[in-house]
Amino acid sequence: MTQKISSSLRESAAARWTALGIVSFTMFCGYFLADAMSPLKPMLESQLLWDNLDYGIFTSAYGWFNVFLLMLILGGILLDKTGVRFTGILSTSIMVIGAGIKFFAISRFFPVGMGPIFGIKAQVMIAALGYATFAVGVETAGITVSRIIVKWFKGKEMALAMGLQVAFARLGTLLAVAIPLPIAKYFGDVSVPILFGALLLCIGLIAYIVYVRMDIKLEKSEAHIEKEEEEPFKLADVLSIVTNKGFWLIALLCVLFYSAVFPWIKFATDLVINKYQVNPNLAGLIPSVLPLGTLFLTPFFGNLYDKKGKGATIMIIGSVLLIFVHGIFSIPFLNNWILAMAVTVVLGVALSLVPSAMWPSVPKIIPEKQLGTAYALIFWIQNWGLMGVPLLIGVVLSATNPTVSRAKETVKAGIVETYTQLQPKLNLNKIEFDKAVDNTTTRLINQVLVNTEYTGKQDTTGFAGFKNKLVAVNLQAIQSLPAVQGKEKLGQQVEDACVKAGYNEIDKQQIALRYDYTKANLIFMIFGILAFFVAFMLKAEDRKKGYGLELPNKID
Numbered sequence: 000m001t002q003k004i005s006s007s008l009r010e011s012a013a014a015r016w017t018a019l020g021i022v023s024f025t026m027f028c029g030y031f032l033a034d035a036m037s038p039l040k041p042m043l044e045s046q047l048l049w050d051n052l053d054y055g056i057f058t059s060a061y062g063w064f065n066v067f068l069l070m071l072i073l074g075g076i077l078l079d080k081t082g083v084r085f086t087g088i089l090s091t092s093i094m095v096i097g098a099g100i101k102f103f104a105i106s107r108f109f110p111v112g113m114g115p116i117f118g119i120k121a122q123v124m125i126a127a128l129g130y131a132t133f134a135v136g137v138e139t140a141g142i143t144v145s146r147i148i149v150k151w152f153k154g155k156e157m158a159l160a161m162g163l164q165v166a167f168a169r170l171g172t173l174l175a176v177a178i179p180l181p182i183a184k185y186f187g188d189v190s191v192p193i194l195f196g197a198l199l200l201c202i203g204l205i206a207y208i209v210y211v212r213m214d215i216k217l218e219k220s221e222a223h224i225e226k227e228e229e230e231p232f233k234l235a236d237v238l239s240i241v242t243n244k245g246f247w248l249i250a251l252l253c254v255l256f257y258s259a260v261f262p263w264i265k266f267a268t269d270l271v272i273n274k275y276q277v278n279p280n281l282a283g284l285i286p287s288v289l290p291l292g293t294l295f296l297t298p299f300f301g302n303l304y305d306k307k308g309k310g311a312t313i314m315i316i317g318s319v320l321l322i323f324v325h326g327i328f329s330i331p332f333l334n335n336w337i338l339a340m341a342v343t344v345v346l347g348v349a350l351s352l353v354p355s356a357m358w359p360s361v362p363k364i365i366p367e368k369q370l371g372t373a374y375a376l377i378f379w380i381q382n383w384g385l386m387g388v389p390l391l392i393g394v395v396l397s398a399t400n401p402t403v404s405r406a407k408e409t410v411k412a413g414i415v416e417t418y419t420q421l422q423p424k425l426n427l428n429k430i431e432f433d434k435a436v437d438n439t440t441t442r443l444i445n446q447v448l449v450n451t452e453y454t455g456k457q458d459t460t461g462f463a464g465f466k467n468k469l470v471a472v473n474l475q476a477i478q479s480l481p482a483v484q485g486k487e488k489l490g491q492q493v494e495d496a497c498v499k500a501g502y503n504e505i506d507k508q509q510i511a512l513r514y515d516y517t518k519a520n521l522i523f524m525i526f527g528i529l530a531f532f533v534a535f536m537l538k539a540e541d542r543k544k545g546y547g548l549e550l551p552n553k554i555d
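Residue 0 is where the sequence shown starts when you use numbering that gives the first Met the number 0, and the numbers rise one by one after that.
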């Protein structure tokens, strides 16, 4: 029989919350790198010539290893067998390795001219493999941290602790959608924010090693406590989990809900630029209010669940808000950026409601000795959505906007030709040439997206003629410029002239450079509708089985 001994380190509030703060910081670092590419989509298209399918393949790679190689399930079993110390250090180290591969793939160190790999651009494939490796680490770290919270907070402020962990970790998401694009534009290199994220993860690994010392102290403080002998984990425990209807309902709610949120974040900055015509330097600020809201509301709702209960009801309300938000985003003529900001705040409320009740509900459905495997199975099911939905959205965007990527490639080809003809005058080295082309192309496309109202024709006929015309108007504009002294001033003068002349020509010919996100947002809304029905079924199952989802968590 377990005896409650006050000398256990977990009885110290300062120790509990310090442990939570340390592991939350590690997850903060992981969440930043997970979404750091999201606001860079426009620059990936203008600088690296990625299209929607390329971006969809890259973002879908998040689930490749976790889903098809069952790495998440193996990680959960490893957690149950070896504990949080080994699993946490291993998973955080894997995050660092994946981040390094991802940085290399999109940096200027990546060799030019590599042939496709399995029919996919070499650069996209290597970046995707790095992201897939990183995902193994961050998802396994996620289930490890959930187990840590149960270890320190069971019978105490567990939902509040989980809410605070999620909120602090999502500060990483806030930074990931707000700062990478300005950083990349400042340095003129799309890979710099990823390098920053990789260095941040190294600090996160050091932080987790510090936590390991605390975990050792916790174990020593409880060494003399008589505990009930737990049966060792067996593979048969997996069968008992997957035959539990409550497990499947909460797992389905998880995959449906998160499929309507996290893949949306991957495309949110591009959506804001294309639909709401927000300056790209500021576009990341609108989706960044989503994690900002969760910073305060997730702990609030978690504390409410701890004290008042109503977990299943909270999940239903969050699903309803999800339907409302994506319904508003789907209406084409509602294109005011203030409305977009307000609706994103509501999405933040939904993202606070559901996780604050969903994750603390798992220990009410699954025995503690099976929690590592149960969380791993839920995360594995969730990864099917995180893998498949971004790819689906990329395919839908390409199908509903068939010529936009080709149009952007043509614009860049025209800029390259312009600078090539001016090279004797500009005398740029390769790095300067590439940077000048990238900056000019990015500025030109952004000007069109922000300042024009037309939709454009989805027709590639005449693209070759348009490219030649673009080069001609650029050269004509440059010929009429006054002479300036200095290589840097001349380069800026040429860039400004190309942006102005190119903008006028694109506007005149109404070349389609804008993505229509209507159908993509409708897909996200459908996930919200399905999540609502599953949440309602979970509440009914709770009444039938008596899980206690509507009861408070905190034991006074």
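Using N, Cα and C, we set each Cβ at its ideal position, and we do this for glycine too.
Taking each of 431, 256, 439, 509 in turn and checking the Cα distance to residue 456, the smallest one comes out for 509. Each residue's CA atom was taken as its position, placing residue 467 and residue 504 some 11 Å apart.
Residue 178 carries a coil assignment under DSSP once its states are collapsed to helix, strand and coil. Among the bridge pairs identified by DSSP, residue 456 is matched with 510. Excluding the 5 residues flanking it on each side, residue 104 has same chain C-beta neighbours closer than 7 Å at 122, 125, 126, 129, in chain order. By the beta-carbon neighbour count (other beta carbons within 10 angstroms, threshold 16), residue 256 is buried.
Inside the region 305-351, DSSP marks whole alpha helix (DSSP H) runs of 4 or more residues at positions 310-329, from first to last along the chain. Check the Cα spacing between residue 526 and each of 252, 58, 448, 64: the tightest is with 252. Under DSSP, the beta-bridge partners assigned to residue 116 are 119.
Per DSSP, reduced to three states, the secondary structure at residue 92 is helical. Annotation: residue 492 to residue 53 spans about 33 Å, alpha carbon to alpha carbon. When 285, 494, 458 are compared, the shortest CA-CA separation from residue 421 is found for 494.
The DSSP-derived three-state label of residue 302 is helix.
For residue 94, the number of other beta carbons within 10 angstroms of its own is at least 16, and it is reported as buried. When DSSP states are grouped into helix, strand and coil, residue 483 belongs to the coil group. The C-beta of residue 44 has 16 or more other C-beta atoms within 10 Å across all chains shown, which makes the residue buried. Between the region 373-383 and the region 64-78, the count of Cβ pairs shorter than 8 Å is three or higher; the stretches touch. Inclusion of residue 262 and residue 388 in the CB contact set at 8 Å is warranted, their separation being smaller than that value.
Look at the beta carbons and you see the region 131-141 not touching the region 319-337: under three pairs across the two are nearer than 8 Å. In the three-state reduction of the DSSP assignment, residue 374 falls in the helix class. Shortest Cα-Cα distance from residue 446 to any of 488, 85, 497 involves 497. In terms of Cα proximity to residue 471, the closest of 428, 190, 412 is 412. Of the residues 540, 185, 205, 386, the one whose Cα lies closest to the Cα of residue 39 is 185. Comparing alpha carbon positions, the residue from 289, 136, 338 closest to residue 197 is 136. Burial check for residue 13: the Cβ neighbour count within 10 Å stays below 16, so the residue is exposed. The way I'd put it, the region 273-281 doesn't touch the region 145-165; fewer than three beta-carbon pairs between them come closer than 8 Å. Collapsing the DSSP output to three states places residue 190 in coil.
Following the DSSP letters along the chain, one finds residue 408 inside the alpha helix (DSSP H) bounded by residues 403-425. For the pair residue 394 and residue 18, the Cα-to-Cα distance works out to about 43 Å.
In chain order, 268, 271, 272 place their CB closer than 6 Å to the CB of residue 282, counting only its own chain and leaving out the 5 sequence neighbours on each side. Exclusion of the five residues before and after residue 353 leaves 256, 314, 317 as the residues of its chain whose Cβ lies within less than 6 Å of its Cβ. Between residue 258 and residue 384 a beta carbon distance of about 3 Å is seen, short of the 8 Å cut, so the two are scored as contacting.
Residue 49 sits in coil when the DSSP states are folded into three classes, being neither helix nor strand. Each residue's CA atom was taken as its position, placing residue 484 and residue 469 some 26 Å apart.
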